[in-house]
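Protein chains: 2
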Amino acid sequence: MRISELSERSGLSVPSIKYYLREGLLHRGERTSPNQARYDESHLNRLRLVGALTDVGGLSVATTRELLAVIDGEHRPELQELMGLTLKSIDGENGARSDVEEADLAEADALTERHGWHVHPGSPLREELARTLSAFQRSGLGLDREWLDGYAEAAEQAARRDHDLVAGIDDLDEILKIVVVGTVLGERLLATLRRLAQAGEAHRRYES
Amino acid sequence: MRISELSERSGLSVPSIKYYLREGLLHRGERTSPNQARYDESHLNRLRLVGALTDVGGLSVATTRELLAVIDGEHRPELQELMGLTLKSIDGENGARSDVEEADLAEADALTERHGWHVHPGSPLREELARTLSAFQRSGLGLDREWLDGYAEAAEQAARRDHDLVAGIDDLDEILKIVVVGTVLGERLLATLRRLAQAGEAHRRYES
């Protein structure tokens, strides 16, 4: 197909496609004349993947390129490695962070250890958890262990569903897309459902 | 106490305090000379509440003023009413939204009905849920009913904890603070825990 059809079927503009070609996120088409090339389904699939990573996932072009290099590389990554890389990419794009107190890190570690979650000591998520717990404290809302564990169980239940989405899938492109889209959209979904459940719970507790 | 001490104890700068006084978010102190006033614990408490609503909750000054007017008013609001107003304020500050398809709204309604959540037809959350479900679809990730129900149950478990935070508290200032701080920080907490649980679950599934 020509670039115009590729644009139509992918929903991306021609300038966007040309940009992805220049940036190396999309492989070149087969040249049919000095200024025309032919594209196939492989281009369409790759564009859909790139769109999911950048638009929905909010990943930068540089990070997207790195992830694509991993799945295109000679060494086929393990699912675990790919998921780790993807999640790290999403977390890494969240900008600069302030310092964290040792005491808050210790509280964060105690929580993840109680739930048997394997966390790398250098993980930005570990610091983010410590920072959030500290923000609760500073706002005068101390959270006890039981309360936190309830929240952690809710998170675990959602995370198990997230993993179910990739279970049984072999195509790395597809897995990459699911992990990014599922992580980003899943976060929005869980946040919205929680607000709705809060309202529902309020209705149940105080209206009757 | 003088304004300098009020600043020190609240952690807010003198210009910020003067701004809140001008905007009517903080009641005037007792005038002791033409350019000096005395403040007491009631000012400190109110400043802490305003700080939680604006800094942590991200509410605008106008919305904060509306909420304070409700709790300062002659008519003492019901807890349910206050929570509804607060959650509506937080949701309302999320900016402009695009159109939603009827089919997506129907799917959102089916989900909330299955869980017995009472949702107002005009709720921005209803539209947000429809929009998120549609984004999943467009990304090629169809979610089946069982999967969605699992997510909704996770959200419900977190929401129940959120309500536990205000159970047994009578002070409206305090409740307002808890609802805003708990909703905003709770969202961050749940999102971070979910990412950690994802990593933990990946380790459990693929490492052993």
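From first to last, the protein sequence lines stand for chains A and B.
With the first letter of the first sequence counted as 1, position 171 gets the number 286 in our numbering; the numbers rise by one all the way through.
With the first letter of the second sequence counted as 1, position 201 gets the number 316 in our numbering; the numbers rise by one all the way through.
Ideal Cβ positions, reconstructed from N, Cα and C, are used throughout, including at glycine.
N- and C-terminal bounds of the alpha helix (DSSP H) containing residue i
i, result
"Thr-247 of chain A", "239-253"
"Leu-64 of chain A", "Because chain A in this structure spans residues 116 to 323, residue 64 of chain A falls outside the shown range and cannot be described."
"Ala-225 of chain B", "217-229"
"Gly-265 of chain B", "260-281"
"Leu-121 of chain B", "118-125"
Local conformation of residue i per DSSP, three classes
i, result
"Ser-148 of chain B", "strand"
"Ala-211 of chain B", "Residue placement at Ala-211 of chain B cannot be trusted, given a pLDDT of 47 that sits under 50; what the coordinates show is reported in the next sentence. Ala-211 of chain B: coil per DSSP, three-state reduction."
"Arg-153 of chain A", "strand"
"Met-198 of chain B", "helix"
"His-190 of chain A", "coil"
"His-142 of chain B", "coil"
"Ile-284 of chain B", "coil"
"Val-234 of chain B", "coil"
"Gly-173 of chain B", "coil"
"Gly-257 of chain A", "coil"
Pairwise C-alpha distance: residue j and residue i
i, j, result
"Ala-61 of chain A", "Leu-263 of chain B", "The shown model of chain A, from 116 to 323, leaves out residue 61 of chain A, and the question about it has no answer."
"Gly-283 of chain B", "Glu-271 of chain A", "28 angstroms"
"Ile-132 of chain B", "Glu-217 of chain A", "32 angstroms"
"Thr-298 of chain A", "Gly-166 of chain B", "31 angstroms"
"Thr-179 of chain A", "Val-294 of chain A", "13 angstroms"
"Gly-301 of chain A", "Asp-277 of chain A", "8 angstroms"
"Ala-269 of chain B", "Arg-161 of chain B", "34 angstroms"
"Tyr-135 of chain B", "His-158 of chain B", "11 angstroms"
"Leu-291 of chain A", "Ala-312 of chain B", "18 angstroms"
"Glu-361 of chain B", "Arg-137 of chain B", "Because residue 361 of chain B is not part of the residues shown, which for chain B are 116 to 323, the question remains open."
"Pro-236 of chain A", "Arg-229 of chain A", "16 angstroms"
"Val-171 of chain A", "Glu-289 of chain A", "15 angstroms"
"Gly-315 of chain B", "Asp-279 of chain A", "14 angstroms"
"Ala-211 of chain B", "Leu-202 of chain A", "The pLDDT assigned to Ala-211 of chain B is 47, lower than 50, so where the model puts this residue is not dependable, and the model offers no usable value."
"Ile-186 of chain A", "Arg-319 of chain B", "23 angstroms"
"Leu-220 of chain A", "Tyr-154 of chain B", "37 angstroms"
"Ala-274 of chain B", "Val-281 of chain A", "27 angstroms"
"Ser-204 of chain A", "Ser-175 of chain A", "9 angstroms"
"Ala-184 of chain B", "Leu-164 of chain B", "13 angstroms"
"Glu-189 of chain A", "Leu-200 of chain A", "17 angstroms"
"Glu-196 of chain A", "Thr-227 of chain A", "21 angstroms"
"Gly-255 of chain A", "Glu-261 of chain A", "18 angstroms"
"Glu-193 of chain A", "Glu-181 of chain A", "16 angstroms"
"Pro-130 of chain B", "Asp-214 of chain A", "26 angstroms"
"Gln-151 of chain B", "Arg-117 of chain B", "8 angstroms"
Distance cut-off 8 angstroms: residue i Cβ against heavy atoms of the ligand SAH
i, result
"Ser-128 of chain B", "You won't find the ligand SAH in this model; it holds no ligand whatsoever."
> Taking three-plus beta-carbon pairs below 8 angstroms as touching, is the segment 139-146 of chain B in contact with the segment 303-318 of chain A?
Replying inline: With a cut-off of 8 angstroms, the segment 303-318 of chain A and the segment 139-146 of chain B do not count as touching, because too few Cβ pairs lie within range.
>> For the pair the segment 241-256 of chain A and the segment 236-255 of chain B, tell me if three or more CB-CB distances fall below 8 angstroms.
In response: no
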